[in-house]
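*Asks:* Chains as they are written, first to last, in the working numbering: chain A, 1 to 207; chain B, 208 to 492; chain C, 493 to 905. The beta-carbon is built from N, C-alpha and C at its ideal position, and this holds for glycine as well. No experiment lies behind these values; they were computed from the predicted model shown.
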Amino acid sequence: MKRQLPLMLVFLLGAFMIIQYFVPAQASLDAYEFILDWMIIIGIFAMALGIWSLMRVSWHKIKRRSHDWQYAALTLAGLFIMVLFGFEPIGGGLKSYLWLQFYEFVMVPVLATIFSLLAFFMASAAYRAFRARSLLAAVLLGSAMVLMFRVLPLGPLSDPINELAGWILVVPNLAAKRAILIGVGLGMVATSLKVILGIERSYLGRD
Amino acid sequence: MTFHERMITLDRRWIFLTLAVFVIIPFFLEFDIPVTVSKEVRDIYDFIEGLEAGDYILVGIDYDPNAMAELHPMSYAIIKQCFAKKLKVITLTLSQYGAGMAEQVVRDVADSTRIYHGFEPVYGEDYVFLGYRPYYAFVILGMGRDFRIPFPQDYYGTDLDSLPMMRGIRNYDQVECVIDMNGGTVADAWVSYGNGRYNVKLAFGLTGVMAADFYPFYQSGQIFGLMGGMKGAAEYEQLVDKPGPAKEAMKMQVFAHIVIIVFIGMANIGFFLGRRSRTKAGEVL
Amino acid sequence: MRKLALICVVMVLAFLPPPLLGEVDSALLQDSVTVDLPEPPAPPGNVTATDNPNDNGRAIRVTWELSADDTTGMKNVIGYRINRAEARDAADSLWTEASDILPSGTTEFIHSGDGEEDGPDYFAKNYDFYYRVHALTADTFSVSAVVGPVQAKDNWYNTGVTFVLLFVALFIILTVTFVRIARKGKELYIRPLAGIEAVDEAIGRATEMGKPTLYILGLGSAADIATIASFAILSRVAKKVAEYQTPLLVPCYEPFVMTVAQDTVRAAYMDAGRPDDYDEDSVYFVTSSQFAYVAGVMGTMIREKPATNFYLGMFHAESLLLAETGAMIGSIQIAGTDQIAQLPFFVVACDYTLIGEELYAASVYLSREPVLLGTIKAQDWAKAVVVGTILAGLLARLLVDLDFIKTVFEVSV
Numbered sequence: 001m002k003r004q005l006p007l008m009l010v011f012l013l014g015a016f017m018i019i020q021y022f023v024p025a026q027a028s029l030d031a032y033e034f035i036l037d038w039m040i041i042i043g044i045f046a047m048a049l050g051i052w053s054l055m056r057v058s059w060h061k062i063k064r065r066s067h068d069w070q071y072a073a074l075t076l077a078g079l080f081i082m083v084l085f086g087f088e089p090i091g092g093g094l095k096s097y098l099w100l101q102f103y104e105f106v107m108v109p110v111l112a113t114i115f116s117l118l119a120f121f122m123a124s125a126a127y128r129a130f131r132a133r134s135l136l137a138a139v140l141l142g143s144a145m146v147l148m149f150r151v152l153p154l155g156p157l158s159d160p161i162n163e164l165a166g167w168i169l170v171v172p173n174l175a176a177k178r179a180i181l182i183g184v185g186l187g188m189v190a191t192s193l194k195v196i197l198g199i200e201r202s203y204l205g206r207d
Numbered sequence: 208m209t210f211h212e213r214m215i216t217l218d219r220r221w222i223f224l225t226l227a228v229f230v231i232i233p234f235f236l237e238f239d240i241p242v243t244v245s246k247e248v249r250d251i252y253d254f255i256e257g258l259e260a261g262d263y264i265l266v267g268i269d270y271d272p273n274a275m276a277e278l279h280p281m282s283y284a285i286i287k288q289c290f291a292k293k294l295k296v297i298t299l300t301l302s303q304y305g306a307g308m309a310e311q312v313v314r315d316v317a318d319s320t321r322i323y324h325g326f327e328p329v330y331g332e333d334y335v336f337l338g339y340r341p342y343y344a345f346v347i348l349g350m351g352r353d354f355r356i357p358f359p360q361d362y363y364g365t366d367l368d369s370l371p372m373m374r375g376i377r378n379y380d381q382v383e384c385v386i387d388m389n390g391g392t393v394a395d396a397w398v399s400y401g402n403g404r405y406n407v408k409l410a411f412g413l414t415g416v417m418a419a420d421f422y423p424f425y426q427s428g429q430i431f432g433l434m435g436g437m438k439g440a441a442e443y444e445q446l447v448d449k450p451g452p453a454k455e456a457m458k459m460q461v462f463a464h465i466v467i468i469v470f471i472g473m474a475n476i477g478f479f480l481g482r483r484s485r486t487k488a489g490e491v492l
Numbered sequence: 493m494r495k496l497a498l499i500c501v502v503m504v505l506a507f508l509p510p511p512l513l514g515e516v517d518s519a520l521l522q523d524s525v526t527v528d529l530p531e532p533p534a535p536p537g538n539v540t541a542t543d544n545p546n547d548n549g550r551a552i553r554v555t556w557e558l559s560a561d562d563t564t565g566m567k568n569v570i571g572y573r574i575n576r577a578e579a580r581d582a583a584d585s586l587w588t589e590a591s592d593i594l595p596s597g598t599t600e601f602i603h604s605g606d607g608e609e610d611g612p613d614y615f616a617k618n619y620d621f622y623y624r625v626h627a628l629t630a631d632t633f634s635v636s637a638v639v640g641p642v643q644a645k646d647n648w649y650n651t652g653v654t655f656v657l658l659f660v661a662l663f664i665i666l667t668v669t670f671v672r673i674a675r676k677g678k679e680l681y682i683r684p685l686a687g688i689e690a691v692d693e694a695i696g697r698a699t700e701m702g703k704p705t706l707y708i709l710g711l712g713s714a715a716d717i718a719t720i721a722s723f724a725i726l727s728r729v730a731k732k733v734a735e736y737q738t739p740l741l742v743p744c745y746e747p748f749v750m751t752v753a754q755d756t757v758r759a760a761y762m763d764a765g766r767p768d769d770y771d772e773d774s775v776y777f778v779t780s781s782q783f784a785y786v787a788g789v790m791g792t793m794i795r796e797k798p799a800t801n802f803y804l805g806m807f808h809a810e811s812l813l814l815a816e817t818g819a820m821i822g823s824i825q826i827a828g829t830d831q832i833a834q835l836p837f838f839v840v841a842c843d844y845t846l847i848g849e850e851l852y853a854a855s856v857y858l859s860r861e862p863v864l865l866g867t868i869k870a871q872d873w874a875k876a877v878v879v880g881t882i883l884a885g886l887l888a889r890l891l892v893d894l895d896f897i898k899t900v901f902e903v904s905v
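What follows is the structure, encoded as structure tokens:
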């Protein structure tokens, strides 16, 4: 029973959402919005569970003095400090001086730094990946080179390279992408059907 | 280890170091990278130039701080152009960590317009900042009915109806176009809900990694313009005649590309030398 | 005195905008003075107003024929404006503006409303409305005949998506058929996937090294299909991990995903007969900020040095950051995503990559349950139908220049 009820709910709601797509009437739209509202409400409750999980895992690490427990302490400190500063009666809210200082001079540069690591990782990945081991790998290397040369100021060569790069992006690249997308689309339908029909139920947990 | 083996098994830390050095060097060099403006960038510029003073435009600053290097110059250049044309600018952010940053952009540009153009944009009359709301898809859908559904008040807590420029502005129907700078999934939602459902005239400023994914939408006319990465930003700066951080950063981008091309070339030379010497030694490949 | 009054009237009239001008009694003007009023354009002809199809009963479609002075005749029509009223013979003041000025050359307008009651764009249920169309020149206008009554109807089926309905039906039929065939015990062949066959080996290696297995569900929400597919794979992976008795780490980006993942892993440990080995701290929430999450997971990788990393689900810019870090610490890496832009990054940095739909099929491969194999077979046949249709469309276009296939597949939401 513990497993049949959720399966039934999944089937009913899934079937409803499929039918809803074909019915433009106002009642159908209202029902759709009602379900979306529920998604938001459940999402908010889940956030509380998430924060609780983060606190519990970090606390366990500190208590057990497990390997590198200091990072867990720092995580908790960060969490509490930002909440405290952002809390109106104590820290003065999201526009308070301290909160903004931490936001602007700690969070913003740290996030930007992590993202910019991507450039370095791309360089090392490109160095390892683009080798003309076979004919197909050589084609890949060639097109990568054309696209990279597009950024360089090459005087009279710029225009033909731009044109070639545009062609690579719009013709072979797009064709391959669309082929994958069609597969993805069908896979999505198949997966949704598996879930709605109750064929795939591993996500449900156990009785 | 032979020389060519070394060429193909270079420790990645050497690549990191070389790249870092060559990104820093251009900071200290004075030179200019010529920028040719592409059609998809010019389309945005021309559209805004074609608007009349007093027309409304919605600018989305929908990115987290991590994408600011590429997208900030676009936001600055676009809002600058809007103020110079005396358009009414509605700004907002749909990015969780973007509110503080987006407010900064809007205030900065308003200040600089005051200094450079002699035109003094007044908050509430010439521009508003609506702030941040979570669940971007619902916000985009909600604004299609009325801005007041997701944003009953602006970022500073003022009722929208108390702001002179928002009186009589209900939804996308009164806005000439939406220019959205973003570095994540918000772009998909703008295409599906903004353009798909409400026929919003839409253009994007995107990070370099994302831009290639959105060319099909440009081709199909679902978006009327597209700025991709640092290059797109530099092109726009060139159009509004205000070379800024993107133009400056193009120098580093060019250097970084050359470094990567050199490393790839080196790896391939090493690979071929190795293959030749193995073939000579009679190894079967 | 009479003269003064007339001058006043003329002056007031001169400053009135054209629509208001229309409401002044024109008989008064004609009888009293001869003012050179501009000649109005020919009115728009053949006006129709019908319910806009396939909607929620909040729109009326108005069409008309261009005024004879739009592109021909005086050629001075600058645009059209639509008016709506609740009675055919309503006084001018009761006609409300249904549209802004539509540019000349326009012959259709969909008057769509909002939910705001009593507003000019509100469509009450079962209520009659009347429409008329103005042709405007720079200084005057003409009005068409009034059409109506017309009601905005709630539609219960969207004819614009019939093709989608047919395809969904076909897909359901295929799925049910193949699931039945599979239930009857018929062997269904599906091609092997290298990435999936490596799963056992990868977890085995983690066991030998005494290192944990790291499983990342990506940035998707629990409603994203990629994440749902990933839950199914996680369930199989967790069962194997439980059997091999190696630790499992599942850092989550979304709290909701975390709760589902916790249930999935707990159930897998029970299936493996080792419920006591399940560690509540193994599936945990990190943060919902993309790059803070990356930083957190990269830190975990460098500290815990997992022997095997799975990246299955929806990924964005963090794909290469995570996969390169994994490659740096020497983990075996199996990735899979439906985000096309991230596939190249995974292909470069991981040992095995599941491309697009392979991600959805992976859980079936891992379970080898015949019923689930049936769904993959159905998917293959549906794909054959799509490929066949694309080829047919291409041939029709190339050989006989037929566009009909395109129109059959057109979908309007």
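1. Give the residues of chain B in contact with residue 169 (chain A), contact being defined as C-beta atoms less than 9 Å apart.
2. DSSP three-state call for residue 434 (chain B): helix, strand or coil?
3. What does residue 801 (chain C) pair with, by DSSP beta-bridge criteria?
4. Assuming residue 615 (chain C) contacts residue 549 (chain C) (C-beta within less than 8 Å), just tell me the rounded distance between them.
5. Does the segment 462-479 of chain B touch the segment 113-129 of chain A, meaning 3 or more C-beta pairs lie closer than 8 Å?
6. Just to confirm, are residue 675 (chain C) and residue 862 (chain C) a CB contact at a threshold of 8 Å?
7. Excluding the 5 residues flanking residue 514 (chain C) on each side, which residues of the same chain have their C-beta closer than 8 Å to its C-beta?
8. In whole angstroms, give me the CA-to-CA distance for residue 735 (chain C) and residue 743 (chain C).
9. Check for me: the alpha helix (DSSP H) holding residue 727 (chain C) runs from which residue to which?
10. Can you tell me which of C:704, C:618, C:558 puts its alpha carbon nearest to the alpha carbon of residue 627 (chain C)?
11. Measuring alpha carbon to alpha carbon, tell me which residue in C:770, C:805, C:712, C:838 is nearest residue 780 (chain C).
12. Short of 9 Å Cβ to Cβ, which residues in the segment 842-857 of chain C face chain A?
13. Measure the C-alpha to C-alpha separation of residue 696 (chain C) and residue 858 (chain C) and round it to an integer number of angstroms.
14. How would you label residue 460 (chain B), buried or exposed, when you count the other beta carbons within 10 angstroms and need 16 or more for buried?
15. At the level of alpha carbons, what is the spacing between residue 10 (chain A) and residue 717 (chain C)?
16. Taking residue 447 (chain B) as the reference, give the member of B:224, B:222, B:231, B:250 with the closest Cα.
17. Measure from the alpha carbon of residue 704 (chain C) to the alpha carbon of each residue in C:799, C:783, C:620, C:536, then state which is nearest.
18. Please say whether residue 271 (chain B) and residue 311 (chain B) have beta carbons closer to each other than 8 Å?
19. Leaving aside the five residues before and after residue 778 (chain C) along the sequence, list all residues of the same chain whose C-beta is less than 8 Å from its C-beta, in chain order.
20. Using a Cβ cut-off of 7 Å, pull out every chain C residue sitting near residue 24 (chain A), in sequence order please.
21. Between the beta-carbon of residue 229 (chain B) and the beta-carbon of residue 120 (chain A), is there less than 8 Å?
22. Measuring alpha carbon to alpha carbon, tell me which of C:852, C:698, C:618 ends up nearest residue 822 (chain C).
23. Against chain A, does residue 313 (chain B) count as a neighbour if the rule is that its beta carbon must be under 8 Å from one of theirs?
24. Can you tell me whether residue 700 (chain C) is helix, strand or coil according to DSSP?
25. In three-state terms, what does DSSP make of residue 509 (chain C)?
26. Using only CA atoms, which one of B:214, B:261, B:417 lies nearest to residue 333 (chain B)?
27. Identify each residue in the segment 221-240 of chain B for which the Cβ-Cβ distance to at least one residue of chain A is less than 7 Å, and report them in chain order.
28. Taking 8 Å as the cut-off, decide whether the C-beta atoms of residue 775 (chain C) and residue 793 (chain C) are in contact.
29. So, residue 815 (chain C) versus residue 825 (chain C), is the Cβ gap smaller than 8 Å?
30. Since residue 621 (chain C) meets chain A, which of its residues come closer than 9 Å, beta carbon to beta carbon?
31. To be precise: take each residue of the segment 170-202 of chain A, compare its Cβ to all Cβ atoms of chain C, and keep it if any distance is under 8 Å. Which residues remain?
32. Using a Cβ-Cβ cut-off of 8 Å, state whether residue 523 (chain C) counts as contacting chain B.
33. Can you tell me the Cα-Cα spacing of residue 416 (chain B) and residue 866 (chain C), whole angstroms?
34. Could you tell me which residues DSSP pairs with residue 266 (chain B) in its beta bridges?
35. Does residue 715 (chain C) pass the burial test, meaning 16 or more other C-beta atoms within 10 Å, or should it be called exposed?
36. Indicate the three-state DSSP secondary structure (helix, strand or coil) for residue 539 (chain C) in the structure shown.
*Replies:* To lay it out plainly:
1. As a first step, residue 169 (chain A) is located in the first sequence; it is residue number 169 there, counting from the start. By Cβ distance, chain B contributes 419, 422.
2. On the second sequence, residue 434 (chain B) is found 227 positions in, with the first residue counted as 1. Strand.
3. Position 309 of the third sequence holds residue 801 (chain C). By DSSP's assignment, residue 801 (chain C) forms a beta bridge with C:706, C:825.
4. Translated into positions along the third sequence, residue 615 (chain C) becomes position 123. Translated into positions along the third sequence, residue 549 (chain C) becomes position 57. Confirmed, about 6 Å.
5. Cβ pair count under 8 Å is three or more, so yes.
6. Along the third sequence, one-based indexing puts residue 675 (chain C) at 183. Along the third sequence, one-based indexing puts residue 862 (chain C) at 370. Yes, the Cβ-Cβ distance between residue 675 (chain C) and residue 862 (chain C) is below 8 Å.
7. Locating residue 514 (chain C) in the third sequence gives position 22, counting from the first residue. With a pLDDT of 41 at residue 514 (chain C), under the threshold of 50, the modelled position of that residue is not reliable, and no figure is offered here.
8. Here residue 735 (chain C) corresponds to residue number 243 of the third sequence, with the count starting at 1. Here residue 743 (chain C) corresponds to residue number 251 of the third sequence, with the count starting at 1. Taking the straight line joining both Cα atoms gives about 21 Å.
9. Taking the third sequence and counting its residues from 1, one reaches residue 727 (chain C) at position 235. Its alpha helix (DSSP H) spans residues 717-736.
10. Sequence index remark: in the third sequence, residue 627 (chain C) carries index 135 (1-based). Of the candidates C:704, C:618, C:558, the one whose C-alpha sits nearest the C-alpha of residue 627 (chain C) is C:558.
11. On the third sequence, position 288 is the one that residue 780 (chain C) refers to. Among C:770, C:805, C:712, C:838, the Cα nearest to that of residue 780 (chain C) belongs to C:712.
12. Across the segment 842-857 of chain C, CB contacts with chain A closer than 9 Å involve 847, 848, 849, 850, 851, 852, 853, 855, 856, in sequence order along the chain.
13. Residue mapping note: residue 696 (chain C) aligns to position 204 of the third sequence, counting from 1. Residue mapping note: residue 858 (chain C) aligns to position 366 of the third sequence, counting from 1. Straight-line Cα distance between these residues: approximately 15 Å.
14. To locate residue 460 (chain B), count along the second sequence from 1; it is residue 253. In the assembly as shown, residue 460 (chain B) is a buried residue. Its beta-carbon has 16 or more other beta-carbons within 10 Å.
15. On the first sequence, residue 10 (chain A) is found 10 positions in, with the first residue counted as 1. On the third sequence, residue 717 (chain C) is found 225 positions in, with the first residue counted as 1. Each residue's CA atom was taken as its position, placing residue 10 (chain A) and residue 717 (chain C) some 14 Å apart.
16. Indexing the second sequence from 1 puts residue 447 (chain B) at position 240. With distances taken between Cα atoms, residue 447 (chain B) lies closest to B:250.
17. In the third sequence, counting from the first residue as 1, residue 704 (chain C) sits at position 212. For residue 704 (chain C), the nearest C-alpha among the options comes from C:799.
18. Walking along the second sequence from the start, residue 311 (chain B) turns up at place 104. Walking along the second sequence from the start, residue 271 (chain B) turns up at place 64. Going by beta carbons, residue 311 (chain B) and residue 271 (chain B) fall outside the 8 Å limit.
19. Position 286 of the third sequence, counted from the start, is the residue given in the question as residue 778 (chain C). The residues are 743, 744, 745, 784, 785, 788, 789.
20. By one-based count along the first sequence, residue 24 (chain A) stands at place 24. Contact note: residue 24 (chain A) reaches chain C through 546, 547, 548, 647, 650, using a C-beta cutoff of 7 Å and chain order.
21. On the second sequence, position 22 is the one that residue 229 (chain B) refers to. On the first sequence, position 120 is the one that residue 120 (chain A) refers to. Not in contact: residue 229 (chain B) and residue 120 (chain A) (Cβ atoms no closer than 8 Å).
22. Residue 822 (chain C) sits at position 330 when you count from the first residue of the third sequence. Of the candidates C:852, C:698, C:618, the one whose C-alpha sits nearest the C-alpha of residue 822 (chain C) is C:698.
23. Taking the second sequence and counting its residues from 1, the one referred to as residue 313 (chain B) is at position 106. Taking 8 Å as the CB threshold, residue 313 (chain B) stays off the interface with chain A.
24. For the purposes of this step, residue 700 (chain C) is taken as residue 208 along the third sequence, with counting starting at 1. Three-state result, residue 700 (chain C): helix.
25. Locating residue 509 (chain C) in the third sequence gives position 17, counting from the first residue. Note that residue 509 (chain C) scores a pLDDT of 47, beneath 50, so its modelled location is shaky; the value from the coordinates is reported in the next line. Residue 509 (chain C) carries a coil assignment under DSSP once its states are collapsed to helix, strand and coil.
26. By one-based count along the second sequence, residue 333 (chain B) stands at place 126. Ranking the options by Cα distance to residue 333 (chain B), first place goes to B:261.
27. Result list: 222, 223, 226, 240.
28. Within the third sequence, residue 775 (chain C) is the residue found at index 283, counting from 1. Within the third sequence, residue 793 (chain C) is the residue found at index 301, counting from 1. In this structure, the beta-carbon distance from residue 775 (chain C) to residue 793 (chain C) does not fall below 8 Å.
29. By one-based count along the third sequence, residue 815 (chain C) stands at place 323. By one-based count along the third sequence, residue 825 (chain C) stands at place 333. Against a cut-off of 8 Å, the Cβ pair of residue 825 (chain C) and residue 815 (chain C) comes out as a contact.
30. Translated into positions along the third sequence, residue 621 (chain C) becomes position 129. The CB of residue 621 (chain C) never comes closer than 9 Å to any CB in chain A; the least such distance is about 17 Å.
31. 177, 180, 181, 182, 183, 184, 186, 187, 188, 189, 190, 191, 192, 193, 194, 195, 197, 199, 200, 202: these are the residues of the segment 170-202 of chain A whose beta carbon lies less than 8 Å from some beta carbon of chain C, given in chain order.
32. Along the third sequence, read from residue 1 onward, the residue named residue 523 (chain C) stands at position 31. With a pLDDT of only 48 at residue 523 (chain C), under the threshold of 50, the placement of this residue in the model should not be trusted; the figure read from the coordinates follows. So no, residue 523 (chain C) is outside the interface.
33. Position 209 of the second sequence holds residue 416 (chain B). Position 374 of the third sequence holds residue 866 (chain C). Those two C-alpha atoms are separated by around 38 Å.
34. What you label residue 266 (chain B) is simply residue 59 of the second sequence in a count that begins at 1. BP columns for residue 266 (chain B) point to B:298, B:386.
35. To locate residue 715 (chain C), count along the third sequence from 1; it is residue 223. By the beta-carbon neighbour count (other beta carbons within 10 angstroms, threshold 16), residue 715 (chain C) is exposed.
36. On the third sequence, position 47 is the one that residue 539 (chain C) refers to. The DSSP-derived three-state label of residue 539 (chain C) is strand.
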